[in-house]
Amino acid sequence: MTPAPRQPIVLRLLAATPRAGWLALGAFALTALVVVPGLYLFTPPGSPLHVPDHVLTVGGKIMCYAIVAVAMDLIWGYAGILSLGQGLFFALGGYAFGMYLMRGIGRDGVYQSDLPDFMVFLDWKALPWFWRGTDHLAWALALVIGVPALVAVLFGAFAFRSRIKGVYFSIITQALTYAAMLLFFRNETGFGGNNGFTDFKRIAGFSIVAPGTRATLFALTAAALAGTLVLVRFVVTSKYGRVLAAIRDSEERVRFLGYDPLWYKLLAWTLAAVLCAIAGALYVPHVGIINPSEMSPASSIEIAIWVAVGGRGTLLGPVLGAALVNLAKSWFTVAFPQLWVFFLGAIFVLVTLYLPDGVLGLGRRVLRRGVSA
Amino acid sequence: MRSPSVVATALCALALPALAAALDPAAVRRLGAEGSEEKLAAVRQLVADGDPAATPVLQALSEGTLALAGERVVRPVEGRTVDAATGEAIDPPPADAATIDVNNRVRREVETGLAALRLLDPAREVRRAAAEELAGAASPELAPLLGRALARERDPATRALLALAHARASLESPDPAARAAAATDLGASASSAVRALLARHAGEEEPDAAVRRAAAASLAAVDRRLALGEYAGRLFSGISLASILLLAALGLAITYGVMGVINMAHGELLMIGAYATFAVQSVFARRFPGALDWYVAAAIPVAFLAAAVVGMAMERTVIRFLYGRPLETLLATWGLSLVLIQAVRSLFGPQNVAVANPSWMSGGFELMPDVVLPWNRIAIVGFSACVLALVWLFIGRTRLGMFVRAVTQDRVMAGCTGVPTGRVDTLAFGLGAGIAGLGGVALSQIANVGPEMGQAYCVDSFLVVVLGGVGQLAGAVWAALGLGLVTKLLEGWSGAVIAKIAVLVLVVVFIQKRPQGIFALKGRVVEG
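In order, the protein sequence lines correspond to chains A and B. Taking my numbering, the leading residue of the first sequence gets -6, the next gets one more, and so forth. Taking my numbering, the leading residue of the second sequence gets 680, the next gets one more, and so forth.
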């Protein structure tokens, strides 16, 4: 018996997503890459078709969150690993790119020094060693991917090797991001203490507030989200993804069948960390600030609720959940700032109690009932 | 430091001998000299003579009522003018009396001198206060007087202070032998001020080699003692942190052990206990201000009940429906914690509220001059030991405790033998929550009470449970003790943040070796 010839990866990548998926992705790409930036740039502010600044900012932010949610879904929905520390990787990516943006300020800061303002404030005379080379975009991007990947591989290898799983793993990841937050809060760590990085001026030579830059950033983020969806879809439909789902359902049985779950989990874990880091790097120029509060356990656990609200184990679910929760947050914090936390708490409780498959699951149930009736 | 009444007592005590004795007239005359140096020398001489009669004269000098009339120094006493040296009244009062001015330097010397003279006072409290003052600042001229006072002194606390002051003054003596003896005597001290003094005499500044040697030997002894004191202090703060962690983690160990449920709202149950303490304090302040010192005793049952009721409500309405889905429970209880925090914020305001220590808990036990163990922390260590003992008795000796153990080990089998598992769950959850409430009472005595206070202890108490192993009280105790001590010892060595990170790394590495915690249940378990 000869093994079936392996298809080229491009074909497999294409085959991973069904036709409807490609159509939806195409529509999304057309909207986010062409229509929205086009309307933003080329219609006058008074026109009814014009896309205002804040829509672009909120949209960009939510797409970054959606990437994080898809990454979270990869490890939680498909591999059964509930990480309460994804915010750490998001923030690490943000900080790595933030270093590049800080160097981009040049002498335009408050103190007109070559050093970032917070270093002048701390009376430092030279850049610390880990800031070296961060004025080059390529090196900064390498850091965006490399540092979180390294942290994820080291931590994951330790944790998965000793078979820490379930709530134990969740707790340890939460402690990890908590410890990192404390570390980044210190001024001596060299990342601006509790103020973090802000007041960015330019990115790759272009002004960060120029409409062209903002539209490009928006389009880039949309492309990153689309890429993430295709990649994760490919991963979870591959043979590797099947083993991953089997590990989620019963790790012991998978082990008895002769697979070593360590490598499967480690790869998914690291991939999710890198995706979060990329989202973080895109997030920083959108909102113009990165500080240690992104690493707080509370913001990491919120990521899990985006996925839960949308529906675990699907790819559209996390995107939907991230958008729904964050739009609700934007609306509540303006309309009823006191009630937002109550509402968020209620979502956590109600979704876990009554919507185990999220909004998508609810939609499917309603549809099925409609068909059978 | 010195109250007016003490001064008055000293003056009364000295008034009688003052009439009989006469001071050195030359020295008294020099008090009225032009130059400050002359005045300083005169003050020193009068004090070194140790005659109590000098006290009112120096007092007058410091108050600015001492005057120079021709060649005589005079001071006013009850409307009359007396000769400062002899104490005899001058009648008629001299017309040309001019007040003697003193600068701050002289005034300081006079103050020290007055303290030295008070060392000879009959009242023990006055002597001790004076010795305390002099132990910090004694000049070499006082050495003989201090020696005399030391020889007469019987009160041990005052003796210790005097010995220090004496050695201190002798260290400045021009005689090398006296300096060497003083350096040796100072080896018995444990204060950082003495350390600085010895360090000066062990170095190049000291001309005499013998003194340098003696000072260096004493310096080493003092350093050892100081290091020991610091170590003891750190050990104590480690035990104190461990007792807090234990209170926070005990309840968590019970709920996690029984139901396999990680309750992310556990820290908020601590917070509810602390706010219950605040509420009881407010009620006491309004209704029973006389018994305010005992509000903590009343707060203990109130906090236990408040937290237990909230915990049982959580179990009945949410957690019950999520059995067998630990990850979902984690998220749902996190949601509950958000709701609880926001509810407290709306009720009591976002700021911290003030919970005061009762008077019997303020202050501390002085282990060494630089090491003070605060009473409130000592009380908390005792309190958590009591709570631990009660929980241990409850789990090990009561019928309900037996049910809890049975459900922890095998829920289905326990149910088959007639254990009402549902009710046991609720009660066990209430117990765990109540213990967290007790932790809140303890925490309110040493930390800020605010809506977010629980979150800081949440991660730590989880680490205790993870490290200690599931359903193991002994594991939780050892894990809390270990984490508390390691954190505080590392903190002294590397700072708080690095210590926290190091502890986390240690926990992860430890779990590598013993994935089931310190006290793993024996036997092999395959999960389903």
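Every residue, glycine too, gets a C-beta built ideally from N, C-alpha and C.
Where ARG891 of chain B falls, given that 16 or more other Cβ within 10 Å makes a residue buried: Buried, by the Cβ-count rule.
Test: LYS718 of chain B CB closer than 7 angstroms to a CB of chain A: Not an interface residue.
Pairwise C-alpha distance: GLY714 of chain B and ALA732 of chain B: Distance from the CA atom of ALA732 of chain B to the CA atom of GLY714 of chain B, rounded to whole angstroms, is 24 angstroms.
Sequence-distant residues of the same chain with beta carbon closer than 6 angstroms to PHE227 of chain A, five excluded per side: Within the same chain, Cβ atoms closer than 6 angstroms to the Cβ of PHE227 of chain A are found at LEU6, ALA9, the five residues on either side in sequence being excluded.
C-alpha distance - ASP110 of chain A paired with ASN180 of chain A, whole-angstrom precision: Separation of ASP110 of chain A and ASN180 of chain A (C-alpha to C-alpha, rounded to the nearest whole angstrom) is 12 angstroms.
Option in B:ARG759, B:ALA705, B:THR734 with minimal Cα separation from ARG751 of chain B: Ranking the options by Cα distance to ARG751 of chain B, first place goes to B:ALA705.
Short Cβ contact (7 angstroms threshold) for ALA777 of chain B with LEU745 of chain B: Pairing ALA777 of chain B with LEU745 of chain B gives a Cβ-Cβ distance that is not under 7 angstroms.
Collapsed DSSP secondary structure at ARG125 of chain A in the structure displayed: Coil.
Nonlocal neighbours in the same chain, by C-beta distance under 7 angstroms from LEU1015 of chain B, ignoring five residues either side: Once the five neighbours on either side are set aside, the close Cβ partners of LEU1015 of chain B are ALA944, MET993, VAL997.
Chain-order list of residues whose beta-carbon lies under 8 angstroms from that of GLY637 of chain B (same chain, five-residue window excluded): For residue 637 of chain B there is no data in the structure shown, the boundaries of chain B being 680 and 1207.
Counterpart residues of ARG195 of chain A in DSSP-defined beta bridges: Beta-bridge partners of ARG195 of chain A (DSSP): A:SER200.
Residue from B:ALA867, B:SER1123, B:ALA888 with nearest C-alpha to ASP854 of chain B: Of the residues B:ALA867, B:SER1123, B:ALA888, the one whose Cα lies closest to the Cα of ASP854 of chain B is B:ALA888.
ARG358 of chain A, buried or exposed, once every other Cβ within 10 Å from all chains shown has been counted against 16: So ARG358 of chain A ends up on the exposed side.
Environment of ARG754 of chain B [buried if 16+ CB atoms lie within 10 Å]: Buried is the call here.
CB contact flag (ALA316 of chain A, ILE55 of chain A, <7 angstroms): The answer is yes: Cβ separation under 7 angstroms.
Top-ranked residue by Cα proximity to GLU909 of chain B, from B:GLU812, B:THR760, B:GLY729, B:SER870: Distances from the CA of GLU909 of chain B to each of B:GLU812, B:THR760, B:GLY729, B:SER870 were compared; the closest alpha carbon is that of B:SER870.
Element boundaries [beta strand (DSSP E), containing ASP762 of chain B]: Looking at the DSSP string, the run of the beta strand (DSSP E) that includes ASP762 of chain B is 759 to 762.
Of the listed residues B:ARG1078, B:ALA1068, B:ILE951, B:ARG966, nearest to LEU1117 of chain B (C-alpha basis): LEU1117 of chain B has its Cα closest to that of B:ILE951, out of B:ARG1078, B:ALA1068, B:ILE951, B:ARG966.
Bounding residues of the beta strand (DSSP E) (the contiguous stretch that carries ARG367 of chain A): Here chain A comprises residues numbered -6 to 366, so residue 367 of chain A is not present and cannot be evaluated.
Chain-ordered residues of the segment 2 to 35 of chain A with a beta carbon less than 7 angstroms from chain B: Per Cβ criterion, the list is empty.
As assigned by DSSP and simplified to three states, the class of LEU984 of chain B: Three-state DSSP puts LEU984 of chain B in a helix.
Cβ-based burial, ASP780 of chain B [other Cβ within 10 Å; buried from 16]: So ASP780 of chain B counts as exposed.
Within-7 angstroms CB hit, VAL1145 of chain B to chain A: Yes, its Cβ sits closer than 7 angstroms to a Cβ of chain A.
Closer than 7 angstroms to chain A by CB, VAL997 of chain B: Yes - at least one Cβ of chain A is within 7 angstroms of the one on VAL997 of chain B.
Coarse secondary structure for ILE951 of chain B, derived from DSSP in three states: Here ILE951 of chain B sits in helix by DSSP.
For LEU905 of chain B, the three-state DSSP class (helix, strand or coil): Helix, per DSSP.
Under 7 angstroms between C-beta atoms of ILE282 of chain A and LYS194 of chain A: No. Outside cutoff.
Simplified DSSP assignment, three categories, for PRO1099 of chain B: PRO1099 of chain B: coil per DSSP, three-state reduction.
Simplified DSSP state of ARG754 of chain B, which is helix, strand or coil: Judged by DSSP in its simplified three-state form, ARG754 of chain B adopts strand.
Under 7 angstroms between C-beta atoms of LYS1179 of chain B and SER916 of chain B: No, the Cβ-Cβ distance between LYS1179 of chain B and SER916 of chain B is not below 7 angstroms.
ASN942 of chain B burial status per 10 Å Cβ neighbour count (16 or more: buried): Residue environment: ASN942 of chain B is assigned as buried (16 or more neighbouring CB atoms within 10 Å of its CB, all protein chains considered).
Coil, strand or helix - VAL103 of chain A by DSSP: Note: VAL103 of chain A maps to coil in three-state DSSP.
Closer than 7 angstroms to chain B by CB, SER329 of chain A: What sits at residue 329 of chain A in the sequence shown is Phe, not Ser. Residue contact check for PHE329 of chain A against chain B: no CB pair falls below 7 angstroms.
Neighbouring residues, chain B, relative to LEU346 of chain A (Cβ below 8 angstroms): Those within 8 angstroms of LEU346 of chain A in chain B are VAL997, PHE1000, LEU1001, ALA1011.
C-beta atoms of VAL1034 of chain B and VAL1145 of chain B nearer than 7 angstroms: Not in contact: VAL1034 of chain B and VAL1145 of chain B (Cβ atoms no closer than 7 angstroms).
Cβ distance (whole Å) where PHE963 of chain B is taken to contact TYR974 of chain B below 8 angstroms: Between PHE963 of chain B and TYR974 of chain B the beta-carbon gap is near 4 angstroms, inside 8 angstroms, which marks them as a contact.
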